[in-house]
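What follows is a short report on a single structure.
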Amino acid sequence: MSKVSVSLPFGGRTLSTAVDHLVTEIQNLYQEDNTPWVVGYSGGKDSTAVLQLVWLALKGLPAEKRSKTVHVISTDTLVENPIVASWVTSSLITMERAAQEQGIPIEPHRLTPEIKDTFWVNLAGKGYPAPRPKFRWCTDRLKIKPSNKFIKSQIKQYGEAILVLGTRKAESSARAASMTKHEKGRMRDRLSPNGSLPGSLVYSPVEDWSNDDVWLFLMQVANQWGYPNKDLLTMYQGASADGECPLVVDSSTPSCGDSRFGCWTCTLVEKDKSMTAMIQNDEEKEWMLPLLELRNELDVVDDRPLRDFRRMAGNVTPFHDATVPGPYTQDARENWLRKLLQAQEWVREHGPESTVEIELITIPELHEIRRIWVFEKHEIEDSLPRIYQEVTGREFPGRPLEENMVLASDDVEILKEICGDDRLHFEMTRSLVAVERSHRTMARRAGLYDQLEKSVRRAFYDGEEDATERGPNP
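Mapped onto our numbering, the consecutive letters of the sequence shown carry residue numbers 4 to 477.
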(Lines of atoms letter the chains of each structure in order from A and count residues from 1; the text may use other names and numbers.)
(Lines give C-alpha, C1' and ligand atoms only; values in the text may rest on other atoms or scores of the structure.)
Protein backbone atom coordinates (compact mmCIF):
# COMPACT_ATOMS: atom_id res chain seq x y z
CA MET A 1 0.00 0.00 0.00
CA SER A 2 1.53 3.32 -1.12
CA LYS A 3 2.16 6.02 1.43
CA VAL A 4 0.40 9.37 1.18
CA SER A 5 2.68 12.30 1.96
CA VAL A 6 1.10 14.93 4.14
CA SER A 7 2.50 18.46 4.20
CA LEU A 8 2.44 19.72 7.77
CA PRO A 9 1.89 23.44 8.39
CA PHE A 10 5.06 25.51 8.85
CA GLY A 11 7.33 22.50 8.34
CA GLY A 12 5.82 20.64 11.28
CA ARG A 13 5.86 23.59 13.69
CA THR A 14 2.84 25.08 15.36
CA LEU A 15 1.65 28.47 14.18
CA SER A 16 2.74 30.22 17.36
CA THR A 17 6.20 28.63 17.26
CA ALA A 18 6.71 29.55 13.61
CA VAL A 19 5.57 33.13 14.19
CA ASP A 20 7.64 33.55 17.36
CA HIS A 21 10.72 32.27 15.54
CA LEU A 22 10.32 34.76 12.67
CA VAL A 23 9.45 37.67 14.94
CA THR A 24 12.65 37.08 16.94
CA GLU A 25 14.67 36.77 13.74
CA ILE A 26 13.23 40.01 12.37
CA GLN A 27 13.93 41.83 15.63
CA ASN A 28 17.54 40.68 15.63
CA LEU A 29 18.12 41.69 12.00
CA TYR A 30 16.42 45.03 12.54
CA GLN A 31 18.67 45.91 15.47
CA GLU A 32 21.94 44.82 13.86
CA ASP A 33 22.67 48.12 12.09
CA ASN A 34 21.24 51.38 10.79
CA THR A 35 20.58 50.09 7.28
CA PRO A 36 17.09 51.21 6.17
CA TRP A 37 14.42 48.61 5.48
CA VAL A 38 12.07 48.76 2.50
CA VAL A 39 9.07 46.43 2.59
CA GLY A 40 7.37 45.68 -0.72
CA TYR A 41 3.60 45.79 -0.27
CA SER A 42 1.17 44.91 -3.07
CA GLY A 43 -1.89 44.40 -0.89
CA GLY A 44 -1.92 40.67 -1.66
CA LYS A 45 -1.64 37.81 0.79
CA ASP A 46 2.15 37.29 0.77
CA SER A 47 3.15 40.92 1.20
CA THR A 48 0.43 41.36 3.84
CA ALA A 49 1.80 38.40 5.79
CA VAL A 50 5.35 39.76 5.67
CA LEU A 51 4.30 43.24 6.73
CA GLN A 52 2.30 41.79 9.64
CA LEU A 53 5.37 39.89 10.82
CA VAL A 54 7.53 43.03 10.63
CA TRP A 55 4.85 45.00 12.48
CA LEU A 56 4.63 42.35 15.22
CA ALA A 57 8.42 42.39 15.57
CA LEU A 58 8.59 46.18 15.93
CA LYS A 59 5.65 46.21 18.32
CA GLY A 60 7.46 43.71 20.52
CA LEU A 61 10.53 45.94 20.86
CA PRO A 62 10.87 48.64 23.53
CA ALA A 63 10.17 52.11 22.11
CA GLU A 64 13.82 53.14 22.46
CA LYS A 65 14.93 50.24 20.25
CA ARG A 66 12.64 51.14 17.35
CA SER A 67 15.57 53.08 16.02
CA LYS A 68 14.95 53.31 12.29
CA THR A 69 12.04 53.81 9.93
CA VAL A 70 10.70 50.88 7.94
CA HIS A 71 9.52 52.14 4.58
CA VAL A 72 6.55 50.34 3.01
CA ILE A 73 6.35 50.92 -0.72
CA SER A 74 3.43 50.08 -2.99
CA THR A 75 3.62 50.77 -6.70
CA ASP A 76 0.41 51.91 -8.38
CA THR A 77 0.79 51.57 -12.16
CA LEU A 78 -2.34 53.76 -12.64
CA VAL A 79 -3.88 50.84 -14.57
CA GLU A 80 -4.27 48.46 -11.63
CA ASN A 81 -7.47 46.44 -11.24
CA PRO A 82 -9.69 49.18 -9.71
CA ILE A 83 -10.92 46.89 -6.91
CA VAL A 84 -7.38 46.04 -5.85
CA ALA A 85 -6.14 49.60 -6.31
CA SER A 86 -8.88 50.88 -4.02
CA TRP A 87 -8.06 48.19 -1.46
CA VAL A 88 -4.36 49.03 -1.42
CA THR A 89 -4.89 52.81 -1.27
CA SER A 90 -7.30 52.50 1.67
CA SER A 91 -4.94 50.06 3.38
CA LEU A 92 -2.01 52.48 3.11
CA ILE A 93 -4.08 55.31 4.62
CA THR A 94 -5.22 53.07 7.49
CA MET A 95 -1.67 51.80 7.94
CA GLU A 96 -0.18 55.28 8.28
CA ARG A 97 -2.75 56.27 10.88
CA ALA A 98 -2.30 53.05 12.89
CA ALA A 99 1.50 53.34 12.85
CA GLN A 100 1.32 56.84 14.29
CA GLU A 101 -1.18 55.82 16.96
CA GLN A 102 0.87 52.77 18.01
CA GLY A 103 4.25 54.46 17.81
CA ILE A 104 5.50 52.01 15.17
CA PRO A 105 8.20 53.46 12.85
CA ILE A 106 6.47 52.33 9.65
CA GLU A 107 6.04 54.84 6.83
CA PRO A 108 3.93 53.86 3.78
CA HIS A 109 4.62 55.27 0.32
CA ARG A 110 2.38 55.04 -2.76
CA LEU A 111 4.64 55.14 -5.80
CA THR A 112 3.53 55.89 -9.35
CA PRO A 113 5.38 55.97 -12.67
CA GLU A 114 6.50 59.28 -14.11
CA ILE A 115 3.94 60.79 -16.50
CA LYS A 116 6.18 60.06 -19.50
CA ASP A 117 6.27 56.38 -18.49
CA THR A 118 2.56 55.68 -17.89
CA PHE A 119 0.69 53.07 -19.89
CA TRP A 120 -1.63 55.41 -21.77
CA VAL A 121 1.02 58.04 -22.51
CA ASN A 122 3.08 55.35 -24.23
CA LEU A 123 0.21 53.55 -25.96
CA ALA A 124 -2.18 56.35 -26.94
CA GLY A 125 0.46 59.07 -26.92
CA LYS A 126 3.59 57.61 -28.50
CA GLY A 127 1.80 54.74 -30.24
CA TYR A 128 3.50 51.79 -28.55
CA PRO A 129 1.48 48.66 -29.42
CA ALA A 130 -0.20 46.70 -26.65
CA PRO A 131 2.52 44.78 -24.74
CA ARG A 132 3.53 41.32 -25.90
CA PRO A 133 6.00 38.81 -24.41
CA LYS A 134 8.62 39.86 -27.01
CA PHE A 135 7.90 43.57 -26.49
CA ARG A 136 7.15 43.89 -22.79
CA TRP A 137 7.75 47.61 -22.60
CA CYS A 138 5.37 48.13 -19.68
CA THR A 139 6.99 46.28 -16.76
CA ASP A 140 10.12 48.40 -16.54
CA ARG A 141 8.31 51.71 -16.93
CA LEU A 142 5.31 51.01 -14.70
CA LYS A 143 6.76 48.82 -11.94
CA ILE A 144 10.53 48.55 -11.86
CA LYS A 145 11.54 52.20 -12.30
CA PRO A 146 9.29 53.69 -9.57
CA SER A 147 10.32 51.13 -6.92
CA ASN A 148 13.99 51.17 -7.90
CA LYS A 149 14.06 54.96 -7.82
CA PHE A 150 12.88 54.92 -4.21
CA ILE A 151 15.26 52.12 -3.20
CA LYS A 152 18.21 53.85 -4.87
CA SER A 153 17.43 57.03 -2.95
CA GLN A 154 17.80 55.06 0.30
CA ILE A 155 21.04 53.45 -0.89
CA LYS A 156 22.41 56.86 -1.87
CA GLN A 157 21.60 58.27 1.56
CA TYR A 158 22.69 55.34 3.73
CA GLY A 159 25.03 53.34 1.49
CA GLU A 160 22.86 50.21 1.66
CA ALA A 161 19.24 49.08 1.91
CA ILE A 162 17.48 45.87 2.87
CA LEU A 163 14.46 44.85 0.81
CA VAL A 164 11.90 42.81 2.73
CA LEU A 165 9.81 40.86 0.22
CA GLY A 166 7.03 38.30 0.31
CA THR A 167 8.59 36.05 -2.31
CA ARG A 168 8.17 32.31 -1.65
CA LYS A 169 9.73 29.23 -3.20
CA ALA A 170 6.30 27.61 -3.44
CA GLU A 171 5.16 30.26 -5.94
CA SER A 172 6.79 28.44 -8.85
CA SER A 173 9.75 26.24 -9.75
CA ALA A 174 11.41 29.20 -11.46
CA ARG A 175 11.02 31.33 -8.35
CA ALA A 176 12.42 28.53 -6.17
CA ALA A 177 15.44 28.12 -8.47
CA SER A 178 16.11 31.87 -8.49
CA MET A 179 15.89 32.16 -4.71
CA THR A 180 18.10 29.11 -4.18
CA LYS A 181 20.69 30.55 -6.56
CA HIS A 182 20.86 33.83 -4.64
CA GLU A 183 21.05 32.01 -1.31
CA LYS A 184 24.54 30.85 -2.27
CA GLY A 185 25.74 34.43 -2.29
CA ARG A 186 24.38 35.33 1.14
CA MET A 187 26.78 37.58 3.00
CA ARG A 188 24.75 37.63 6.20
CA ASP A 189 22.32 35.12 7.58
CA ARG A 190 19.07 35.19 5.57
CA LEU A 191 20.13 38.20 3.47
CA SER A 192 20.69 37.53 -0.25
CA PRO A 193 22.45 39.89 -2.69
CA ASN A 194 20.31 41.70 -5.22
CA GLY A 195 22.01 41.49 -8.60
CA SER A 196 19.92 44.21 -10.21
CA LEU A 197 20.35 46.76 -7.42
CA PRO A 198 23.93 47.03 -6.13
CA GLY A 199 23.99 48.07 -2.51
CA SER A 200 20.78 46.26 -1.62
CA LEU A 201 20.13 42.95 0.13
CA VAL A 202 16.94 40.88 0.00
CA TYR A 203 15.28 39.37 3.03
CA SER A 204 12.39 36.94 2.43
CA PRO A 205 10.95 35.92 5.83
CA VAL A 206 8.27 33.59 4.44
CA GLU A 207 10.34 32.06 1.66
CA ASP A 208 9.65 28.51 2.89
CA TRP A 209 5.94 28.96 3.60
CA SER A 210 3.26 27.30 1.52
CA ASN A 211 0.04 28.98 0.36
CA ASP A 212 -1.78 27.26 3.21
CA ASP A 213 0.78 28.54 5.71
CA VAL A 214 0.17 32.10 4.55
CA TRP A 215 -3.60 31.85 4.77
CA LEU A 216 -3.50 30.07 8.14
CA PHE A 217 -1.34 32.89 9.52
CA LEU A 218 -3.58 35.62 8.09
CA MET A 219 -6.76 34.03 9.38
CA GLN A 220 -5.41 33.31 12.86
CA VAL A 221 -3.33 36.43 13.54
CA ALA A 222 -5.14 39.77 13.54
CA ASN A 223 -4.06 42.45 11.08
CA GLN A 224 -1.95 44.90 13.07
CA TRP A 225 -3.08 48.05 11.27
CA GLY A 226 -6.77 47.19 11.52
CA TYR A 227 -7.50 46.18 7.93
CA PRO A 228 -9.42 42.85 8.20
CA ASN A 229 -7.69 39.92 6.59
CA LYS A 230 -11.05 38.24 6.10
CA ASP A 231 -11.88 41.00 3.62
CA LEU A 232 -8.65 40.15 1.81
CA LEU A 233 -9.72 36.49 1.68
CA THR A 234 -13.11 37.55 0.32
CA MET A 235 -11.39 39.52 -2.45
CA TYR A 236 -9.34 36.46 -3.37
CA GLN A 237 -12.39 34.25 -3.31
CA GLY A 238 -14.05 36.57 -5.80
CA ALA A 239 -11.62 35.39 -8.47
CA SER A 240 -10.07 32.18 -9.71
CA ALA A 241 -6.60 30.69 -9.19
CA ASP A 242 -4.43 31.93 -6.34
CA GLY A 243 -1.69 34.49 -6.80
CA GLU A 244 -0.92 38.18 -6.49
CA CYS A 245 0.86 41.06 -8.16
CA PRO A 246 4.28 41.20 -6.48
CA LEU A 247 6.58 44.16 -5.99
CA VAL A 248 8.66 44.09 -9.16
CA VAL A 249 12.27 45.16 -8.70
CA ASP A 250 13.89 43.37 -11.64
CA SER A 251 13.00 41.74 -14.94
CA SER A 252 13.16 38.20 -13.49
CA THR A 253 10.24 38.89 -11.17
CA PRO A 254 6.93 37.63 -12.61
CA SER A 255 4.92 40.47 -14.08
CA CYS A 256 1.43 41.32 -12.93
CA GLY A 257 0.16 39.49 -15.98
CA ASP A 258 1.53 36.21 -14.63
CA SER A 259 -0.29 36.65 -11.37
CA ARG A 260 -3.78 36.96 -10.12
CA PHE A 261 -4.15 40.68 -9.56
CA GLY A 262 -2.52 42.98 -12.05
CA CYS A 263 -3.07 45.72 -14.60
CA TRP A 264 -6.53 45.64 -16.16
CA THR A 265 -4.92 46.56 -19.50
CA CYS A 266 -2.51 43.61 -19.45
CA THR A 267 -2.18 41.78 -22.78
CA LEU A 268 0.72 39.59 -21.67
CA VAL A 269 -1.75 36.86 -20.79
CA GLU A 270 -4.43 35.26 -22.92
CA LYS A 271 -7.26 36.36 -20.65
CA ASP A 272 -7.78 38.52 -17.56
CA LYS A 273 -9.09 35.72 -15.39
CA SER A 274 -9.32 37.73 -12.17
CA MET A 275 -11.45 40.56 -13.56
CA THR A 276 -13.59 38.13 -15.53
CA ALA A 277 -14.22 36.08 -12.38
CA MET A 278 -14.96 39.18 -10.29
CA ILE A 279 -17.62 40.27 -12.77
CA GLN A 280 -19.11 36.78 -13.06
CA ASN A 281 -19.16 36.17 -9.30
CA ASP A 282 -20.62 39.49 -8.22
CA GLU A 283 -23.19 41.48 -10.19
CA GLU A 284 -22.18 44.57 -8.20
CA LYS A 285 -18.87 44.48 -10.05
CA GLU A 286 -20.41 44.44 -13.53
CA TRP A 287 -19.44 48.09 -13.84
CA MET A 288 -15.96 46.83 -14.80
CA LEU A 289 -17.28 45.29 -18.03
CA PRO A 290 -16.20 48.26 -20.22
CA LEU A 291 -12.66 47.87 -18.90
CA LEU A 292 -12.62 44.17 -19.71
CA GLU A 293 -14.01 44.84 -23.18
CA LEU A 294 -11.39 47.51 -23.88
CA ARG A 295 -8.64 45.21 -22.65
CA ASN A 296 -9.87 42.49 -25.03
CA GLU A 297 -9.89 44.97 -27.93
CA LEU A 298 -6.27 45.85 -27.17
CA ASP A 299 -5.45 42.14 -27.36
CA VAL A 300 -6.31 41.87 -31.07
CA VAL A 301 -4.58 38.95 -32.79
CA ASP A 302 -3.47 40.90 -35.88
CA ASP A 303 -2.93 44.58 -35.18
CA ARG A 304 -1.08 45.38 -38.42
CA PRO A 305 -4.03 47.40 -39.82
CA LEU A 306 -3.74 49.64 -36.73
CA ARG A 307 -0.02 50.27 -37.10
CA ASP A 308 2.24 52.32 -39.33
CA PHE A 309 4.44 50.41 -41.78
CA ARG A 310 7.32 52.66 -40.62
CA ARG A 311 9.10 52.41 -37.30
CA MET A 312 8.94 55.14 -34.67
CA ALA A 313 11.84 57.10 -36.22
CA GLY A 314 10.37 56.84 -39.73
CA ASN A 315 12.66 54.11 -41.07
CA VAL A 316 11.38 50.79 -42.39
CA THR A 317 12.49 47.25 -41.66
CA PRO A 318 11.56 44.82 -44.46
CA PHE A 319 10.54 41.35 -43.29
CA HIS A 320 9.69 38.72 -45.93
CA ASP A 321 6.92 40.24 -48.07
CA ALA A 322 6.07 43.10 -45.70
CA THR A 323 7.68 45.39 -43.15
CA VAL A 324 8.01 45.11 -39.38
CA PRO A 325 5.03 47.20 -38.16
CA GLY A 326 5.72 50.34 -36.18
CA PRO A 327 3.62 52.41 -33.78
CA TYR A 328 -0.14 52.80 -33.87
CA THR A 329 -1.36 55.18 -36.55
CA GLN A 330 -2.91 58.52 -35.67
CA ASP A 331 -6.41 57.14 -36.29
CA ALA A 332 -5.73 54.15 -34.02
CA ARG A 333 -4.30 56.30 -31.22
CA GLU A 334 -7.23 58.68 -31.35
CA ASN A 335 -9.60 55.71 -31.33
CA TRP A 336 -7.95 54.15 -28.25
CA LEU A 337 -8.20 57.44 -26.39
CA ARG A 338 -11.84 57.86 -27.38
CA LYS A 339 -12.71 54.33 -26.19
CA LEU A 340 -10.86 54.88 -22.91
CA LEU A 341 -12.71 58.12 -22.19
CA GLN A 342 -16.01 56.45 -23.12
CA ALA A 343 -15.29 53.63 -20.65
CA GLN A 344 -14.42 56.17 -17.96
CA GLU A 345 -17.63 58.13 -18.50
CA TRP A 346 -19.73 54.95 -18.47
CA VAL A 347 -18.20 53.73 -15.20
CA ARG A 348 -18.69 57.14 -13.58
CA GLU A 349 -22.35 57.13 -14.55
CA HIS A 350 -23.26 53.48 -13.97
CA GLY A 351 -20.78 52.33 -11.33
CA PRO A 352 -21.12 52.50 -7.54
CA GLU A 353 -20.65 55.72 -5.61
CA SER A 354 -16.94 54.99 -5.18
CA THR A 355 -16.41 55.30 -8.96
CA VAL A 356 -18.09 58.68 -9.48
CA GLU A 357 -14.71 60.36 -9.88
CA ILE A 358 -12.69 57.35 -11.08
CA GLU A 359 -9.78 58.24 -13.38
CA LEU A 360 -8.87 55.59 -15.91
CA ILE A 361 -6.57 58.26 -17.31
CA THR A 362 -5.44 61.34 -15.41
CA ILE A 363 -5.54 64.94 -16.62
CA PRO A 364 -1.70 65.20 -16.50
CA GLU A 365 -1.52 62.14 -18.78
CA LEU A 366 -3.93 63.78 -21.21
CA HIS A 367 -1.77 66.91 -21.26
CA GLU A 368 1.32 64.82 -22.03
CA ILE A 369 -0.47 62.92 -24.82
CA ARG A 370 -1.58 66.21 -26.33
CA ARG A 371 1.99 67.53 -26.18
CA ILE A 372 3.34 64.41 -27.90
CA TRP A 373 0.73 64.53 -30.64
CA VAL A 374 1.27 68.20 -31.45
CA PHE A 375 4.97 68.80 -30.79
CA GLU A 376 6.59 65.40 -31.43
CA LYS A 377 4.29 63.89 -34.04
CA HIS A 378 3.42 67.26 -35.62
CA GLU A 379 -0.31 66.52 -35.58
CA ILE A 380 -1.03 70.23 -35.48
CA GLU A 381 -4.78 69.86 -35.87
CA ASP A 382 -4.66 69.35 -32.05
CA SER A 383 -7.47 66.80 -31.90
CA LEU A 384 -7.30 65.82 -28.20
CA PRO A 385 -9.42 68.69 -26.79
CA ARG A 386 -12.08 67.99 -29.44
CA ILE A 387 -12.16 64.25 -28.64
CA TYR A 388 -12.36 64.98 -24.92
CA GLN A 389 -15.30 67.36 -25.36
CA GLU A 390 -17.15 65.07 -27.77
CA VAL A 391 -16.95 62.13 -25.33
CA THR A 392 -17.39 63.87 -21.98
CA GLY A 393 -19.46 66.89 -22.93
CA ARG A 394 -17.00 69.02 -20.97
CA GLU A 395 -14.38 71.44 -22.18
CA PHE A 396 -10.85 70.08 -21.92
CA PRO A 397 -9.24 71.56 -18.78
CA GLY A 398 -6.10 72.79 -20.42
CA ARG A 399 -4.67 76.04 -21.63
CA PRO A 400 -4.64 76.64 -25.40
CA LEU A 401 -1.38 75.75 -27.07
CA GLU A 402 0.71 78.41 -28.75
CA GLU A 403 -1.33 79.80 -31.62
CA ASN A 404 1.44 79.32 -34.14
CA MET A 405 1.69 75.59 -33.29
CA VAL A 406 -1.82 74.49 -34.27
CA LEU A 407 -3.99 74.69 -37.36
CA ALA A 408 -7.61 75.74 -37.25
CA SER A 409 -10.08 73.07 -38.35
CA ASP A 410 -10.84 75.00 -41.57
CA ASP A 411 -7.13 75.16 -42.42
CA VAL A 412 -6.78 71.42 -41.82
CA GLU A 413 -9.60 70.71 -44.23
CA ILE A 414 -8.04 72.96 -46.87
CA LEU A 415 -4.71 71.18 -46.46
CA LYS A 416 -6.39 67.78 -46.80
CA GLU A 417 -8.20 68.96 -49.92
CA ILE A 418 -4.94 70.13 -51.47
CA CYS A 419 -3.21 66.81 -50.70
CA GLY A 420 -6.15 64.78 -51.97
CA ASP A 421 -6.33 61.10 -50.99
CA ASP A 422 -2.59 60.83 -50.45
CA ARG A 423 -2.36 60.43 -46.66
CA LEU A 424 1.45 60.36 -46.63
CA HIS A 425 1.59 63.60 -48.66
CA PHE A 426 -0.74 65.22 -46.11
CA GLU A 427 1.41 64.00 -43.19
CA MET A 428 4.59 65.31 -44.80
CA THR A 429 3.10 68.72 -45.59
CA ARG A 430 1.66 68.99 -42.10
CA SER A 431 5.01 68.05 -40.60
CA LEU A 432 6.86 70.63 -42.72
CA VAL A 433 4.44 73.32 -41.59
CA ALA A 434 4.88 72.29 -37.93
CA VAL A 435 8.67 72.28 -38.15
CA GLU A 436 8.76 75.74 -39.79
CA ARG A 437 6.37 77.16 -37.22
CA SER A 438 8.37 75.75 -34.31
CA HIS A 439 11.43 77.66 -35.55
CA ARG A 440 9.61 80.85 -36.50
CA THR A 441 10.27 82.72 -33.25
CA MET A 442 13.87 81.57 -32.88
CA ALA A 443 16.69 84.09 -33.37
CA ARG A 444 18.84 81.31 -34.83
CA ARG A 445 17.16 78.51 -36.72
CA ALA A 446 19.76 75.88 -35.91
CA GLY A 447 18.63 72.42 -36.94
CA LEU A 448 15.75 73.64 -39.11
CA TYR A 449 17.00 72.10 -42.35
CA ASP A 450 17.84 68.81 -40.66
CA GLN A 451 14.30 68.54 -39.31
CA LEU A 452 12.79 69.50 -42.67
CA GLU A 453 14.87 66.81 -44.37
CA LYS A 454 13.77 64.27 -41.75
CA SER A 455 10.13 65.07 -42.47
CA VAL A 456 10.65 64.59 -46.21
CA ARG A 457 12.56 61.32 -45.73
CA ARG A 458 9.78 59.97 -43.51
CA ALA A 459 7.38 60.39 -46.45
CA PHE A 460 9.81 58.89 -48.99
CA TYR A 461 7.67 55.82 -49.73
CA ASP A 462 4.28 55.64 -51.40
CA GLY A 463 3.18 52.99 -48.91
CA GLU A 464 4.07 49.62 -47.41
CA GLU A 465 4.26 47.83 -50.76
CA ASP A 466 6.68 50.42 -52.11
CA ALA A 467 8.73 50.24 -48.90
CA THR A 468 8.92 46.45 -49.15
CA GLU A 469 10.18 46.61 -52.72
CA ARG A 470 12.68 49.42 -52.19
CA GLY A 471 14.05 48.33 -48.84
CA PRO A 472 15.41 50.67 -46.12
CA ASN A 473 15.48 54.42 -46.73
CA PRO A 474 18.28 55.44 -49.17
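Note that the Cβ used here is the ideal one computed from N, Cα and C, for glycine as well.
Asked, Found
"Identify whether arginine 440 lies in helix, strand or coil by the three-state DSSP scheme.", "helix"
"Per the DSSP calculation, cysteine 266 is bridged to which residue(s)?", "Glu83"
"Helix, strand or coil for isoleucine 165, going by three-state DSSP, please let me know.", "strand"
"What residue does the alpha helix (DSSP H) around valine 350 start on, and which one ends it?", "333-353"
"On the DSSP letters alone, give me the boundaries of the beta strand (DSSP E) that valine 41 sits inside.", "40-43"
"Out of Arg397, Asn31 and Glu405, which has the shortest C-alpha to C-alpha gap to proline 1?", "Residue 1 is absent from the model: the chain starts at 4 and stops at 477."
"Give the straight-line distance between the Cα atoms of isoleucine 76 and tyrosine 44, rounded to the nearest whole angstrom.", "6 Å"
"Within a Cβ cutoff of 8 Å, which residues of the same chain sit near isoleucine 282, ignoring the five residues on either side of it in sequence?", "Lys288, Glu289, Met291, Leu292 and Leu295"
"What separation, rounded to the nearest whole angstrom, lies between the Cα atoms of glutamate 368 and alanine 21?", "47 Å"
"Taking glutamate 468 as part of the alpha helix (DSSP H), name the residues at either end of that continuous run.", "467-473"
"Measure the C-alpha to C-alpha separation of isoleucine 154 and asparagine 125 and round it to an integer number of angstroms.", "25 Å"
"With DSSP run on the structure shown, which of helix, strand or coil describes serine 195?", "strand"
"My output table needs one value for proline 111: the three-state DSSP class, helix, strand or coil.", "strand"
"Within the continuous beta strand (DSSP E) that includes threonine 78, where are the two ends?", "73-78"
"Taking contact to mean at least 3 C-beta pairs separated by less than 8 Å, is the segment 95-107 in contact with the segment 224-232?", "yes"
"Among Ile366, Thr365 and Val350, whose alpha-carbon lies nearest the alpha-carbon of valine 359?", "Val350"
"So serine 277 is in the alpha helix (DSSP H); what residue range does that whole segment cover?", "276-284"
"Could you pull the DSSP bridge partners for threonine 326 from this structure?", "Pro321"
"For serine 203, which of helix, strand or coil comes out of DSSP?", "strand"
"State yes or no: is the C-beta of valine 53 within less than 8 Å of the C-beta of valine 42?", "yes"
"Is it a yes or a no for the segment 114-123 touching the segment 382-400, going by three-plus beta-carbon pairs under 8 Å?", "no"
"In the DSSP output, which residue or residues are listed as bridge partners for phenylalanine 138?", "Arg135"
"On a Cα-Cα basis, can you pick out the residue from Asn84, Ser50 and Val438 that is closest to glycine 265?", "Asn84"
"Would you grab the beta carbon distance between proline 134 and cysteine 141 for me? Rounded to a whole angstrom, and I think it's under 8 Å.", "5 Å"
"With which residues is arginine 310 paired in a DSSP beta bridge?", "Tyr331"
"Can you give the beta carbon distance from aspartate 215 to lysine 172, rounded, assuming they're within the 8 Å contact cut?", "Their Cβ separation, rounded to whole angstroms, is 14 Å, which puts aspartate 215 and lysine 172 out of contact at 8 Å."
"In the DSSP assignment, find the alpha helix (DSSP H) that holds aspartate 453 and state where it starts and stops.", "451-461"
"Could you tell me whether the segment 425-439 touches the segment 374-383, using the rule of 3 or more Cβ pairs below 8 Å?", "yes"
"For valine 22, which of helix, strand or coil comes out of DSSP?", "helix"
"Between the Cα of serine 70 and those of Gly106, Val82, Asp453 and Ile86, spot the shortest distance and give me the residue it belongs to.", "Gly106"
"Quick one: measure Cβ to Cβ for glycine 128 and glutamate 337, integer angstroms, because I've assumed they're closer than 8 Å.", "The pair is not a contact, with the Cβ atoms about 11 Å apart (cut-off 8 Å)."
"Taking only three categories from DSSP, how would you classify glycine 46?", "coil"
"Give the list of continuous alpha helix (DSSP H) stretches no shorter than 4 residues that lie fully inside the segment 348-391.", "366-374"
"I want to know whether the segment 157-168 touches the segment 190-203 - three or more CB-CB distances under 8 Å.", "yes"
"Please classify histidine 74 as buried or exposed, where buried requires at least 16 other C-beta atoms within 10 Å of its C-beta.", "buried"
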